[in-house]
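**Q**
Residue numbers (UniProt numbering): 1 to 59.
Now the structure itself:
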């Protein structure tokens, strides 16, 4: 599982109850920037183009 991305989703889901829409849009942009730099993200993209299941390592 892509643990970094899942952790970011959980964090910002909890914050969503006390944040404005603008704050959440900023949080989403930050989370995508962080998750997009992980090895799991790169593996997911590679697997998609190679039409195979991704092999996530949790980083």
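Even for Gly, the Cβ is constructed at its ideal location relative to N, Cα and C.
(1) Tell me whether the stretch 4-15 and the stretch 27-35 touch, counting them as touching only if at least three CB pairs, one residue from each stretch, are closer than 8 Å.
(2) Can you give me the C-alpha to C-alpha distance between residue 48 and residue 26, rounded to a whole angstrom?
(3) Can you tell me the Cα-Cα spacing of residue 21 and residue 53, whole angstroms?
(4) So residue 1 packs on residue 58, CB below 8 Å; how close in whole Å?
(5) Helix or strand or just coil, what does DSSP make of residue 52?
**A** The answer reads as follows:
(1) yes
(2) Translated into positions along the chain shown, residue 48 becomes position 48. Translated into positions along the chain shown, residue 26 becomes position 26. In a straight line, the C-alpha of residue 48 is about 27 Å away from that of residue 26.
(3) Here residue 21 refers to the residue found at position 21 when the chain shown is read from its first residue. Here residue 53 refers to the residue found at position 53 when the chain shown is read from its first residue. Rounded to whole angstroms, residue 21 to residue 53 spans 34 Å at the Cα level.
(4) What you label residue 1 is simply residue 1 of the chain shown in a count that begins at 1. What you label residue 58 is simply residue 58 of the chain shown in a count that begins at 1. About 7 Å separates the two Cβ atoms, so the contact holds.
(5) Residue numbering aside, residue 52 sits at position 52 when the chain shown is read from its first letter. Residue 52: coil per DSSP, three-state reduction.
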